[in-house]
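What follows is a set of notes on a single structure, which appears directly below.
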Amino acid sequence: MRATWRRVVIVFGPLFGALAAGWMIIALTGGDANGAMWQLLVGAVGDLPGATHTFLETGRVAVPNELLRSLAKATPLLLSGLAVALALRGGLFNIGAEGQLMVGALTTAWVGYAAAGLPLWIHLPLALAAGACAGAGWAAMAGALKAWRGAHEVIVTIMLNYVAILLTHWLVNGPMRDSTSLAPATPQVLPTARLWAVEGGANFSAGFGIALASAPLVAFLLRRMALGYEIRAVGANPQAARAAGIRVGWITVTVMALSGALAGLAGAVEVLGVHRRFLDAFSPGYGFDSIAVALLGNLNPAGVVFSALLFGALGSGAVHMEAFTGTARQIAGIIQALVILAVGVRAFRIPWRDRKP
Amino acid sequence: MNSESALAVVGVMAVRQACPLILAAMGGILSERSGVVNIALEGFMLAGAFVGVWVGSTAGIWAGIVAALVAGAALGAIHFILTQRLHMNQIVSGVALNLLALHASTFLVRTLFHQANPPRDAKLMEAIPVIWFIMAAILLPPVLHGVLYHTVFGLRLRATGESIAGTKMAGINPLVMRTWGVVLSGVLAAGAGAYLSMALVGRFTEDMVSGRGFIALAAVVCGRWTPLGSALACVAFGAFDALQLHLQGTVALPAEFLRAIPYVLTIVAAALFRSSPPADLGKDPDE
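Protein chains in written order, with this note's numbering: chain A, 1 to 357; chain B, 358 to 644.
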């Protein structure tokens, strides 16, 4: 019981602390802090009490558009948050989720528009798998350089982010550009490769289901499979893992590839579910926010689901808040950064810190 | 344009681009040589760029520069306290400080100046001479080389990065050396940011550092954590950048390829020079 309370405090303490700091920043810069925070909440969940009331009275389910938008925003955060968390459980800091997401998204878009004549049940999985594979390959480069050349994965993944952004920028402005589109973008993906999405511009698609289903899969991998055990062993102590006969180099490459696959999938569902094409620089930094998601989720798949939903709501609520109160939406980013700082200094030991270099 | 004047244009541009990289990279070396990973150079630069313009536009140029350097020192001190006293992971702290600097500066520029992107001609202040910063960037690498390799302070700083246990045994307080390293890295990186906003354009725009902090970090890796080598890498990266700006649209080679060179070179350098980083880089002082 005490352990449960401890957990609640560990998660909600930093969160409410950061929200309070956000409130103070708005108040100090001359804004209407109460109004802004209220609009943040309204923008995050919409008229939830009203919808519940309708459901209880009439049995009709009407999910508020704002809530759908929050879930849509949480989708890429959830997948890339799982990516960062999985790599960290293996003792690797994958700062490159952003790059893996971009490469995955572009590859998915390419398969989505170029592979014509396939039935939906082949085309859609193929496009998703292509994105995951591209992300996996991009991340595996960092894993391989770490395993066999000792190159620090943080340096390599940071640099690969920029290479990915420049590479996709070039491709989408040059060889892969749709000449009929005003903004730099690839052609639209074919209807056979599109994920189901709700009408009305909430951006909510079946991608949310894919993201939600990935969390138990990652949990199963980590807790029940031999590979997951090896990943955790390498993350806890590579020397001991090597002594126990685990091939540390291979595990390093594998965990980076799996992590990159999740990040690539995040890009893939954004393309197939939301934009229906690859738009240049479409990601507002999902890959970087995912580090906050993974840390607040305590590197645990269920925790990552929770924190992705939370940051999704925060992000979409902030857009609403900006429109209604004029308070700049970057306050959500400030709150996120403060959450990372607060979570990082919390009292108990975190697994990857126990690891000797 | 004849080739000689084109060369001069590219040369001048290269110096202008390399200058902030050198300042920030020297900061990176000070921090990492004392054993503290600093991926927050980008955030420190952005903070310096914003604070310099913010204070400079109301209280004068000198106050702006001093305020920018103080802001950098303060952020460096925060990074030090979080990682060395509160035992936070050094990369987590760096990521969070980068995010904080990015979002806070954007939030404040929108809230205080009431504009998302100030128009090009709307300078918030008189620009200060570029030449001061260029002189600093030319003098700093040899000075830092002298300090690191020919003074007691430099020896102790390097020793802290190589072996925390060893420095403790020799009666040196590693935390004192790391304080110097991290705080000075904040000061230098913020100076680089102030150069961008105060000397080059005279205004602050959202995310105006746009990855230069990470290029400076790349130069540290490529220069194998030495001041002269890293300064050379900065000059080379500045030259690529200038060339890329100059050639844009004129040759078949896409500009993105030239812009990617520093990042690709850094990956190659990280893979080749495996013994270069300080041995105890990233190690917690109490471990």
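Built from N, CA and C at the ideal position, the CB exists for glycine as well.
When the options are compared against residue i, the one with the closest alpha-carbon
i: L505 of chain B; options: B:F490, B:M534 and B:G528; result: B:M534
i: A142 of chain A; options: A:G50, A:L128, A:N161 and A:P125; result: A:N161
i: L279 of chain A; options: A:M176, A:S205 and A:H152; result: A:M176
i: L541 of chain B; options: B:F561, B:T468 and B:L432; result: B:L432
i: L124 of chain A; options: A:V269, A:P238 and A:A294; result: A:V269
i: E98 of chain A; options: A:L195, A:A139, A:A130 and A:N298; result: A:A139
i: I25 of chain A; options: B:M383, B:T440, B:L439 and B:L457; result: B:L457
i: R149 of chain A; options: B:L629, B:G368 and B:E361; result: B:L629
i: V154 of chain A; options: A:A144, A:L92, A:A115 and A:F204; result: A:L92
Chain A contact for residue i (CB, 8 Å cutoff)
i: V408 of chain B; result: no
i: N446 of chain B; result: yes
i: H460 of chain B; result: yes
i: T623 of chain B; result: yes
i: F597 of chain B; result: no
i: E613 of chain B; result: yes
i: R477 of chain B; result: Because the pLDDT at R477 of chain B is just 45, under 50, the model does not fix this residue reliably, and the value given afterwards should be weighed accordingly. So no, R477 of chain B is outside the interface.
i: G568 of chain B; result: yes
i: V449 of chain B; result: yes
i: A431 of chain B; result: no
i: L514 of chain B; result: no
i: L443 of chain B; result: yes
i: R631 of chain B; result: yes
i: A556 of chain B; result: no
i: A382 of chain B; result: no
i: A416 of chain B; result: no
i: A575 of chain B; result: yes
i: A404 of chain B; result: no
i: A627 of chain B; result: yes
is_contact[residue i, chain B] using C-beta, thresh 8 Å
i: W121 of chain A; result: no
i: Y162 of chain A; result: yes
i: M102 of chain A; result: no
i: G260 of chain A; result: no
i: L86 of chain A; result: no
i: G245 of chain A; result: no
i: I334 of chain A; result: yes
i: Q330 of chain A; result: yes
i: R149 of chain A; result: yes
i: R353 of chain A; result: Low per-residue confidence applies at R353 of chain A: pLDDT is 43, beneath 50, and the placement is therefore not dependable enough to give any value.
i: L299 of chain A; result: no
i: A337 of chain A; result: yes
i: F288 of chain A; result: yes
i: L296 of chain A; result: no
Under 8 Å between C-beta atoms of residue i and residue j
i: A420 of chain B; j: G405 of chain B; result: no
i: S391 of chain B; j: W537 of chain B; result: yes
i: E66 of chain A; j: G46 of chain A; result: yes
i: H320 of chain A; j: Q39 of chain A; result: yes
i: P498 of chain B; j: L585 of chain B; result: yes
i: F464 of chain B; j: Q188 of chain A; result: no
i: L190 of chain A; j: G112 of chain A; result: yes
i: V544 of chain B; j: A430 of chain B; result: yes
i: L574 of chain B; j: L398 of chain B; result: yes
i: S360 of chain A; j: L128 of chain A; result: Only positions 1 to 357 of chain A appear in this structure, which leaves residue 360 of chain A out of reach.
i: T168 of chain A; j: V218 of chain A; result: no
i: A547 of chain B; j: G570 of chain B; result: no
Chain-ordered chain B contacts of residue i [CB-CB under 9 Å]
i: T29 of chain A; result: F464, L465, T468 and L469
Within chain A, the residues that residue i reaches when beta carbons sit closer than 9 Å
i: I396 of chain B; result: I95, V154, I155 and I158
i: Y620 of chain B; result: I158, M159, L160, N161, Y162, V163 and L166
i: L439 of chain B; result: L341, G344 and V345
i: F571 of chain B; result: I158, M159, N161 and Y162
i: A581 of chain B; result: What sits at residue 581 of chain B in the sequence shown is Arg, not Ala. The premise fails here: R581 of chain B is roughly 13 Å from chain A at the closest Cβ pair, so nothing lies under 9 Å.
Chain-ordered neighbours of residue i on chain B, where CB pairs are closer than 7 Å
i: I291 of chain A; result: V452
i: W170 of chain A; result: P611 and E613
Cβ-heavy atom distance, residue i to the ligand MN, below 7 Å
i: R277 of chain A; result: This structure lacks the ligand MN, and indeed carries no ligand of any kind.
8 Å Cβ cut-off: residues of chain A touching residue i
i: A617 of chain B; result: Y162, V163, L166 and L167
Beta-carbon neighbours of residue i, restricted to chain B and to distances below 8 Å
i: L92 of chain A; result: Chain B residues near L92 of chain A: none, gap ~11 Å exceeds 8 Å.
i: L145 of chain A; result: I624, A627 and A628
i: G174 of chain A; result: P611
Interface partners of residue i on chain A, CB under 7 Å
i: V578 of chain B; result: I155
Short CB-CB distance (under 8 Å) between residue i and chain D
i: L456 of chain B; result: Of the chains in the structure shown, none is chain D; the protein chains are A and B.
May I have a chain-ordered list of the alpha helix (DSSP H) segments no shorter than 4 residues that lie completely inside the stretch 152 to 195 of chain A?
153 to 173
Give the list of continuous alpha helix (DSSP H) stretches no shorter than 4 residues that lie fully inside the stretch 551 to 628 of chain B.
569 to 579 and 584 to 604
Which runs of the alpha helix (DSSP H), 4 residues or longer, sit entirely within the stretch 302 to 333 of chain A?
The qualifying runs do not exist here; there are none.
In chain order, which continuous runs of the alpha helix (DSSP H) of length 4 or greater are located wholly inside the stretch 408 to 494 of chain B?
418 to 437 and 447 to 470
If you scan the stretch 37 to 114 of chain A from start to end, which runs of the alpha helix (DSSP H) of 4 or more residues do you find wholly inside it?
Annotation note: the stretch 37 to 114 of chain A contains the following uninterrupted alpha helix (DSSP H) runs of length 4 or greater, listed N- to C-terminal: 48 to 58, 65 to 89 and 97 to 114.
Write down every uninterrupted run of the alpha helix (DSSP H) in the stretch 229 to 259 of chain A whose length is 4 residues or greater and which is fully enclosed by it, in chain order.
238 to 243
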